[in-house]
Amino acid sequence: MTVLMKILQLALVLSILIVFHELGHFLFARLFGIRVDKFYLFFDVGGRALFRFRRGDTEYGIGWLPLGGYCKISGMIDESMDTGYLKNEPQPWEFRSKPAWQRLLVMAGGVLFNFILAILVFSGIMAVNGETSLPNEGNCIFVNGLSYEMGFRNGDRILSYDGSPVENFYELQPELVRRRVRRVEVLRGGDTLNLYIDRSMIGRILDSPGMFELAMPFVIDSVPPSSVNSGADIRKGDRVLRIGDSGITFLQDASPLLEGLAGSDVNLSVLRGGDTLSVQASVDSSGKMGVYLAGPSFSRRTYSLAESFPAGWSYAWKTVRNYLSDLRLVATPGTGAYRSVGSFIAIGQAMPSSWNWMEFFYMLGLMSIMLGVMNLLPIPGLDGGHIVFTLYEMLTGRKPSDKFMMAAQAVGMVLLLLLMLLAFGNDIGRLVK
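Here's what the structure looks like:
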């Protein structure tokens with residue numbers, strides 16, 4: 001059921017993004033009097049479609065191959081490689097007959113609509129749900145094997161990267177890579193230390209999720225009536241220091257101990273106020289104590305409707321910057337970041353396992369940014385390639401020949417195919433691993 005839910009959400013997100021992206025091309029084309037021959041969600045390979053109808057000069061439909069969608073603009077060399085119209089004189093309703101600035105806007109329309117959609121989605125989230133973050137200040141890390149190897153220790157507080165603070169705790173690992181950090185300042189006990197990062201480890205950092213978990217003290221919030229410890233002398237605010245003969249500092253230390261004591265009674269040493277007390281407790285058959293724990297202090301900011309739009313714009317722009325930084329790493333072979341490139345499989349795994357509208361819209365906004373940025377890459381076959389050729393024409397006054405455009409389109413399609421093979425290969429490798 002979880003897999004089906006992820007697939008449904010991914011399919012809906014991609015469908016919305018495809019339609020909205022192609023709508024940008026469509027509306028600008030129609031604005032300048034350019035005929036649009038087809039507007040399709042998915043591809044109608046072989047002329048077969050699940051659904052189609054014609055209105056005016058345009059055929060609308062849903063193809064049978066769910067690998068994208070397209071807006072076929074009359075008189076334009078695109079991924080269909082349909083060049084039959086080149087044998088005829090340019091017609092006033094064709095793309096090739098229009099001035100360069102109009103063609104530029106038609107090609108940029110899809111990306112523009114992607115960014116508009118992301119801003120609207122993020123603005124809506126800010127208006128309804130506000131912005132929640134976990135401050136890095138005052139919180140400690142719990143490390144995995146890689147972060148331990150790099151010199152970090154449980155309970156460290158990360159103060160700065162190359163002298164600049166990181167405000168959001170959940171950005172610690174991504175920012176370590178995006179900033180290409182050389183020096184990390186940490187507070188360990190009462191001492192301030194500097195850890196120096198080997199940049200050759202960037203690939204391993206990308207491939208090692210959970211480098212910096214939140215190190216949480218084992219502090220009791222409440223004991224529900226249904227708990228195996230409902231009658232025990234366990235109170236709100238108690239901090240567990242020992243379980244049996246084993247001392248613990250953080251909640252992560254307690255989990256394996258409790259699993260080993262499943263179905264038994266245990267003596268706890270707890271700090272209550274200024275006193276250390278001994279308390280008897282029970283562990284259920286699943287290795288849990290059945291208590292609610294005191295959670296971290298999140299920071300939440302709310303926005304009025306008027307404030308939500310600047311906040312949505314700011315969040316969208318931050319997401320664009322982050323994604324561009326990620327792409328720069330991917331394009332640098334020495335980082336090994338290309339191994340983190342994923343396909344629809346990786347995206348599907350990132351979708352929520354149950355239906356949650358806020359998470360769904362967040363993924364919609366995030367993927368709209370990703371689609372927009374990817375389409376701006378100056379690769380023939382993507383919008384960015386067409387934009388580059390049109391800008392060249394506007395600056396030089398020379399239009400690339402149709403023969404050159406066809407060859408460039410073919411090269412671009414090969415590059416995109418290789419990128420898809422890399423992404424699918426990485427995903428399959430991760431699944432096997």
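Heads up: the sequence shown begins at 1 in the numbering used here, then just goes up one per residue. Just so it is clear, CB atoms sit at the ideal spot from N, CA and C, and this is done for glycine as well.
Do the region 43-51 and the region 63-70 meet, that is, are 3 or more Cβ pairs less than 8 Å apart? yes
With a 10 Å radius around its C-beta and 16 neighbouring C-beta atoms as the bar for buried, classify Asn267 as buried or exposed. exposed
Here's the rule: buried if 16 or more other CB atoms are within 10 angstroms of the residue's CB, otherwise exposed. What is Ile7? exposed
So Ser227 and Gly263 are in contact, right, with Cβ under 8 Å, and what is the actual spacing, rounded? The pair is not a contact, with the Cβ atoms about 15 Å apart (cut-off 8 Å).
Please tell me whether Val283 and Ile234 are closer than 8 Å, where the distance is taken between their beta carbons. no
How many Å lie between Leu105 and Gly385 at the Cα? 13 Å
Leaving aside the five residues before and after Ser123 along the sequence, list all residues of the same chain whose C-beta is less than 8 Å from its C-beta, in chain order. Ser308, Phe309, Ala311, Gly312, Trp313
Out of Leu261, Leu14, Asp238, Ile220, which has the shortest C-alpha to C-alpha gap to Gly442? Missing from the structure shown is residue 442; the chain here goes from 1 to 433 and no further.
Taking the alpha helix (DSSP H) that Lys318 belongs to, which residues open and close that run? 305-330
Proximity winner among Leu261, Asn139, Ala294, Gln102, relative to Gly189 (alpha-carbon distances): Asn139
Look up Asp162 in the DSSP assignment and say whether it is helix, strand or coil. coil
Cβ-Cβ distance between Leu519 and Met367 below 8 Å: The requested residue 519 is not part of the displayed model; the chain covers only 1 to 433.
Note the first and the last residue of the continuous beta strand (DSSP E) segment covering Ser133. 131-133
If I follow the unbroken beta strand (DSSP E) through Pro333, where does it start and stop? Premise fails: Pro333 is in no beta strand (DSSP E) and is neither H nor E.
Hey, out of Phe404, Pro92, Ser200, Asn168, whose CA is closest to Thr332's CA? Ser200
By a C-beta neighbour count over all protein chains shown, 10 Å radius and 16 as the cutoff for buried, is Arg178 buried or exposed? buried
Taking the alpha carbon of Pro135 as the point to measure from, which residue in Gln91, Asn168, Leu27, Asp383 has its own alpha carbon closest? Asn168
Residues of its chain near Pro99, where Cβ-Cβ distance is below 8 Å and the 5 sequence neighbours each way are ignored: none
Quick check on Leu50: buried or exposed, where buried means 16 or more other Cβ atoms within 10 Å of its Cβ? exposed
Please list the terminal residues of the continuous alpha helix (DSSP H) segment that includes Pro256. 251-260
Under a Cβ-count criterion, where at least 16 other Cβ atoms within 10 Å of its own Cβ denotes burial, should Glu213 be classed as buried or exposed? buried
I need the DSSP call for Leu120, collapsed to helix, strand or coil. helix
Quick test of your reading: Phe26 and Val36, contact by CB under 8 Å. State the CB separation rounded to the nearest angstrom. 6 Å
Selected residue, minimal CA-CA separation from Ala11, among Ser299, Arg328, Pro352: Pro352
Per DSSP, cross-strand counterpart(s) of Pro99: Beta-bridge pairing links Pro99 to no other residue.
Tell me Ser246's beta-bridge partners as DSSP assigns them. Ile243
By Cβ distance, which residues of its chain are closer than 7 Å to Asp245, with the 5 residues on each side in sequence left out? none
Should Arg183 be labelled buried (16 or more other beta-carbon atoms within 10 Å of its own) or exposed? exposed
Where the beta strand (DSSP E) through Asn194 begins and ends: 191-196
Distance, Ile202 Cα to Leu327 Cα: 14 Å
Using 8 Å as the threshold, is the C-beta distance between Leu146 and Met76 below it? no
Quick check on Glu59: does DSSP put it in helix, strand or coil? strand
Going by the beta-carbon positions, is the gap between Ala490 and Ile243 smaller than 8 Å? As shown, the chain starts at 1 and ends at 433. That puts residue 490 outside it, with no answer to give.
What's the gap between the Cα of Pro378 and the Cα of Leu261? 59 Å
If I measure Cβ to Cβ from Ile387 and keep anything under 8 Å in the same chain, skipping five residues before and after, which residues do I get? Leu104, Met107, Ala108, Leu376, Pro378
Where does Lys403 sit, in a helix, a strand or coil, going by DSSP? helix
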